[in-house]
Amino acid sequence: MKVTVVGAGAVGASCAEYIAMKNFCSEVVLVDIKEGFAEGKAMDLMQTASLNGFDTKITGTTGDYSKTAGSHVAVITSGIPRKPGMTREELIGINAGIVKEVTENLVKHSPEVIIIVVSNPMDTMAYLVHKTSGLPKHKIIGMGGALDSARFKYRLAEALEAPISDVDGMVIAAHSDTGMLPLLSKATRNGVPVTDFLDAEQQKYVIEETKVGGATLTKLLGTSAWYAPGAAVSVMVQAIACDQKKMIPCSLMLEGEYGQNDICLGVPAIIGANGVEKIVNVTLTADEQLKFAEAANAVREVNGDLKF
């Protein structure tokens, strides 16, 4: 099992680190355009192998995609990070060109690859990969929902004053501050609805803080977060590598599901050796259906700025 991570910045390096530490694949290849950067990150990470107890080989390359040949999974993190005050949608002009070129290089050397898209605006970048890669739709997955759901569970545990292992919940729709849809109606604490524990004000707090989770961190850090995104990617890659059939909310091409067509949006799916094994249809409340449709409309507007 060979995994490529394109972009050796903070998010990409975290992806490589978490994947390597879990010891489920033979090699992780880091790719970056900055001379020596991926090689340096790979060397630094390899020097932690004996300390962290993993045998995964990590290598780095400056733009040489031949070294990615035969990759089972590739993760695209490349692109400029979000700056304070910048929306994910504002990134489209620059990042679309980068993601298209990266995709072409990956598919050229690994025609059977499964691609996980992290670059923002993520739903639109996943859509771009669908339109330009020639890969079947089950091999293209946007990461957003896995990360957003982790942030949702963090806020739920905080409000409940409960250990996070007690909490379950997921976020669907768009990976954006306005389009995110935390499914409070489905969230539980050890199987008990969280609405049995949280009053209306607490529920609103959890939802709103989840939706601005990325922006909050960008304001604090001065750039995008990296630990949780890296961990979210590692969970998805492991689900594929180990054929776990794990249900993970992620951005997928919809063809009638949830009343949408020709758009990538976050929905729960079974992830296994083939990538997307099945899209899971979850019954939404009338309000959730409305918000999902609103999120779809907003993503379509952004998609309209793409140039294939």
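Residue numbering for the sequence shown follows our numbering, starting at 34 and increasing by one per position. We treat Cβ as the ideally placed atom computed from N, Cα and C, and that holds for glycine.
Should residue i be labelled buried (16 or more other beta-carbon atoms within 10 Å of its own) or exposed?
i, result
"L124", "buried"
"D77", "exposed"
"I281", "buried"
"L254", "exposed"
"F341", "exposed"
"Y291", "buried"
"K313", "In the sequence as displayed, the identity of residue 313 is Val instead of Lys. Answer is exposed; the Cβ neighbour count stays below 16."
"A319", "exposed"
"T101", "buried"
For residue i and residue j, I'd like the C-alpha separation in whole angstroms.
i, j, result
"P196", "R222", "10 angstroms"
"E191", "D295", "37 angstroms"
"F70", "D229", "50 angstroms"
"S111", "G73", "17 angstroms"
"T92", "V36", "11 angstroms"
"P301", "A179", "9 angstroms"
"A329", "D276", "30 angstroms"
"P262", "G45", "9 angstroms"
"K90", "M79", "7 angstroms"
"I363", "E234", "In the structure displayed, the chain extends from 34 to 341; residue 363 sits before or after that span and is not available."
"G96", "T165", "20 angstroms"
"M155", "M176", "8 angstroms"
"I131", "N138", "11 angstroms"
"I127", "I66", "15 angstroms"
Along the beta strand (DSSP E) that carries residue i, what are the first and last residues, could you check?
i, result
"D320", "Where D320 is concerned, there is no enclosing beta strand (DSSP E), although the alpha helix (DSSP H) it sits in stretches over 319-336."
Quick one, are the C-beta atoms of residue i and residue j less than 7 angstroms apart?
i, j, result
"A159", "S284", "yes"
"S152", "I109", "yes"
"V266", "C58", "no"
"I52", "A107", "no"
"M54", "N85", "yes"
"K324", "L214", "yes"
"N336", "T136", "no"
"L63", "A82", "no"
"A206", "L298", "yes"
"V150", "L189", "no"
"G308", "K172", "yes"
"A248", "D199", "no"
My understanding is that residue i touches residue j, with C-beta atoms under 8 angstroms, so please give their C-beta distance in whole angstroms.
i, j, result
"T243", "D181", "7 angstroms"
"H208", "M286", "Rounded, the Cβ-Cβ distance is 15 angstroms, inconsistent with contact."
"H105", "V146", "7 angstroms"
"F185", "G212", "Not quite, the Cβ-Cβ distance comes to about 14 angstroms (not below 8 angstroms), so this is no contact."
"A272", "I240", "Their Cβ separation, rounded to whole angstroms, is 27 angstroms, which puts A272 and I240 out of contact at 8 angstroms."
"A129", "L161", "6 angstroms"
Where do the N-terminal and C-terminal ends of the alpha helix (DSSP H) with residue i fall, by residue?
i, result
"K55", "43-55"
"G289", "From DSSP, G289 is part of no alpha helix (DSSP H); its letter is neither H nor E."
"K311", "Run containing K311: none in the alpha helix (DSSP H); it sits in the beta strand (DSSP E), 308-312."
"K141", "125-142"
"A82", "82-85"
"L216", "Per DSSP, L216 belongs to no alpha helix (DSSP H) and is neither H nor E."
"I113", "Taken as a continuous stretch (DSSP letters only), I113 belongs to no alpha helix (DSSP H), as it is neither H nor E."
"G40", "Run containing G40: none; DSSP gives neither H nor E here."
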